[in-house]
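**Student:** In order, the protein sequence lines correspond to chains A and B. For the first sequence, the positions run 1 to 219 when this note's numbering is used. For the second sequence, the positions run 220 to 438 when this note's numbering is used. Glycine residues also receive a C-beta, built at the ideal position from the N, C-alpha and C atoms. The structure follows.
There are 2 protein chains.
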Amino acid sequence: MRIAVLGTGEVGRRLATAFAGLGHQVGLGSRTADNAEAVKWAEEHPGAAHGTFADVTEDAEVVVNATGGLVSLAALTAAGADGLRGKVVVDVSNPLDFSEGFPPKVVTFDGLSLAERIQAEFPGARVVKTLNTMTNTVMVEPGRVPGDHVVFVGGDDEAAKAVVTGLLGGLGWPAARIVDLGDLTSARATEQLMPLWLRLYGALGTGDFNFAVCVSGRS
Amino acid sequence: MRIAVLGTGEVGRRLATAFAGLGHQVGLGSRTADNAEAVKWAEEHPGAAHGTFADVTEDAEVVVNATGGLVSLAALTAAGADGLRGKVVVDVSNPLDFSEGFPPKVVTFDGLSLAERIQAEFPGARVVKTLNTMTNTVMVEPGRVPGDHVVFVGGDDEAAKAVVTGLLGGLGWPAARIVDLGDLTSARATEQLMPLWLRLYGALGTGDFNFAVCVSGRS
Numbered sequence: 001m002r003i004a005v006l007g008t009g010e011v012g013r014r015l016a017t018a019f020a021g022l023g024h025q026v027g028l029g030s031r032t033a034d035n036a037e038a039v040k041w042a043e044e045h046p047g048a049a050h051g052t053f054a055d056v057t058e059d060a061e062v063v064v065n066a067t068g069g070l071v072s073l074a075a076l077t078a079a080g081a082d083g084l085r086g087k088v089v090v091d092v093s094n095p096l097d098f099s100e101g102f103p104p105k106v107v108t109f110d111g112l113s114l115a116e117r118i119q120a121e122f123p124g125a126r127v128v129k130t131l132n133t134m135t136n137t138v139m140v141e142p143g144r145v146p147g148d149h150v151v152f153v154g155g156d157d158e159a160a161k162a163v164v165t166g167l168l169g170g171l172g173w174p175a176a177r178i179v180d181l182g183d184l185t186s187a188r189a190t191e192q193l194m195p196l197w198l199r200l201y202g203a204l205g206t207g208d209f210n211f212a213v214c215v216s217g218r219s
Numbered sequence: 220m221r222i223a224v225l226g227t228g229e230v231g232r233r234l235a236t237a238f239a240g241l242g243h244q245v246g247l248g249s250r251t252a253d254n255a256e257a258v259k260w261a262e263e264h265p266g267a268a269h270g271t272f273a274d275v276t277e278d279a280e281v282v283v284n285a286t287g288g289l290v291s292l293a294a295l296t297a298a299g300a301d302g303l304r305g306k307v308v309v310d311v312s313n314p315l316d317f318s319e320g321f322p323p324k325v326v327t328f329d330g331l332s333l334a335e336r337i338q339a340e341f342p343g344a345r346v347v348k349t350l351n352t353m354t355n356t357v358m359v360e361p362g363r364v365p366g367d368h369v370v371f372v373g374g375d376d377e378a379a380k381a382v383v384t385g386l387l388g389g390l391g392w393p394a395a396r397i398v399d400l401g402d403l404t405s406a407r408a409t410e411q412l413m414p415l416w417l418r419l420y421g422a423l424g425t426g427d428f429n430f431a432v433c434v435s436g437r438s
């Protein structure tokens, strides 16, 4: 698929690299056209592109929001409502406010999650929330963590969720471990998981972990 | 131990029954002295007591707050700061506001969790947050759910946490599955897990589940 990854931080580069490695046509987008990380990444990945948020979004089928949660609306606005229209927008970000130090606070938008806020701002986009409950290394290589840990998916567009489920499968997520939480309001639940993730990160001394859901009668 | 369980709802009765069955001296407390559920429960459990929040708290060593999260401060105020002083207060409640329907909202108290709010209100109490991330049947019988699912513990008083860890062990929780998240601010993280719990309850069609934490390098 043609995938635009917005955000040149660790998460964006990790996802862009994984998708490029799977044969997808990837464009890594940043605020500016000459972002050093994006230029370097594109040089290292023949066939991949880089450019502004709008540049990489224009011809993409899937747009991955891997920007920081507090700048995501600005990044998507730069990508442009026209560019996003009809496209699957995979929101993997978390709206964490570090301004008062660690641990950060999870920001809400008049009670809405960031994913819902994005959907409200860009009604033509088909927003799916996923992958935001784990560190980026686990996103692209679930096998590095033992056990039947899961990835959550939420969104209002079933066909868009099916596209995302396919992409997750490509990254190594077995279908049985992709948990569909329902509509996009479920992003409130997964974004609010961040405080527990951060606590466990502190308690375990590693971010290389993930959550599993154990259910009675299903082993 | 002498354990006061505050709250005669399903959670309170379940915990009171489990602790009584383990040989603890249990008092089930309610707002009024003649609460029908408490009277019935005490009749069914010879040796156990019932009474007002203050009655059962007076001689207890451990006080379990199993009241609804939005009335917990009132219940503990009725139990009395004098009665709570020096005691381990095990807060298993969640501050869920159902006033706008389902799913409920998790209430915070000027950014504090309910457990922290209780601690601030009763500085003489030794508050430990635990068991609030699962349904009551799993609390008292972890073996009913397969897998290495966990119970979280948080609190500022290490000795109090050790008492609670001992009680959890009695309920069937192996030490390796009791996860100490650190101080009582961690209750913000576990209380904010409720939205995800409620979503999974909807997606799975059962509350008989729990979370596990899978960690790289530890199987």
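1) Whose C-beta lies closer than 8 Å to the C-beta of Leu181/A among residues of the same chain, with five residues either side of it excluded?
2) Kindly say whether Ala208/A, judged by its beta-carbon, lies nearer than 8 Å to any beta-carbon of chain B.
3) So is Ala395/B in contact with chain A if we call contact Cβ pairs under 8 Å?
4) So with Cβ pairs under 8 Å, would you call Asp59/A a contact of chain B?
5) Would you mind reading off the limits of the alpha helix (DSSP H) that contains Arg418/B?
6) Spatial neighbours of Trp416/B within its chain, please: C-beta separation below 7 Å, excluding the five flanking residues on both sides.
7) Can you tell me where the alpha helix (DSSP H) with Val357/B in it begins and where it stops?
8) Answer yes or no: does any C-beta atom of chain B fall closer than 8 Å to that of Gly172/A?
9) Determine the DSSP secondary structure at Arg13/A, reduced to helix, strand or coil.
10) Alpha carbon to alpha carbon, how far is Val307/B from Thr296/B?
11) If I measure Cβ to Cβ from Ala54/A and keep anything under 7 Å in the same chain, skipping five residues before and after, which residues do I get?
12) Mapping the DSSP letters down to three states, classify Val213/A as helix, strand or coil.
13) Let me make sure I understand the geometry here. Which of Cys214/A, Pro195/A, Thr206/A and Gly207/A has the alpha-carbon closest to that of Leu423/B?
14) Considering Ala54/A, what are the terminal residues of the alpha helix (DSSP H) in which it resides?
15) Could you tell me whether the Cβ atoms of Val282/B and Leu225/B are closer together than 8 Å?
16) Within the stretch 18 to 46 of chain A, note down every full beta strand (DSSP E) run reaching 3 residues or more, in order along the chain.
17) Which residues does DSSP list as the beta-bridge partners of Thr77/A?
**Tutor:** The relevant details are as follows:
1) Hits under 8 Å: Phe152, Val153, Gly154, Ala189 and Thr190.
2) One detail in the question is off: residue 208/A reads as Asp in this sequence, not Ala. Yes, its Cβ sits closer than 8 Å to a Cβ of chain B.
3) At a cut-off of 8 Å between C-beta atoms, Ala395/B does not count as an interface residue with respect to chain A.
4) For Asp59/A, the answer is no, since every Cβ of chain B falls outside 8 Å of its Cβ.
5) From DSSP, the alpha helix (DSSP H) with Arg418/B extends over Met413 to Leu423.
6) The answer, listed in chain order, is Thr352.
7) Its alpha helix (DSSP H) spans residues Asn355 to Val359.
8) Interface criterion not met: the Cβ of Gly172/A is under 8 Å from no Cβ in chain B.
9) Reduced to three states, the DSSP call for Arg13/A is helix.
10) When the Cα atoms are used, Val307/B and Thr296/B turn out to be separated by approximately 16 Å.
11) Cβ-Cβ distances below 7 Å link Ala54/A to Ala78, Ala79, Gly80 and Gly83 in the same chain, with the five nearest sequence neighbours on each side left out; the list follows chain order.
12) For Val213/A, the secondary structure class from DSSP, reduced to helix, strand or coil, is strand.
13) Checked all of Cys214/A, Pro195/A, Thr206/A and Gly207/A; the closest Cα to Leu423/B is Cys214/A.
14) It spans Phe53 to Glu58 - the alpha helix (DSSP H) in which Ala54/A sits, taken as one unbroken run.
15) Yes.
16) Uninterrupted beta strand (DSSP E) stretches at least 3 residues long and entirely within the stretch 18 to 46 of chain A occur at 25 to 30, given in chain order.
17) Per DSSP, none; premise fails for Thr77/A.
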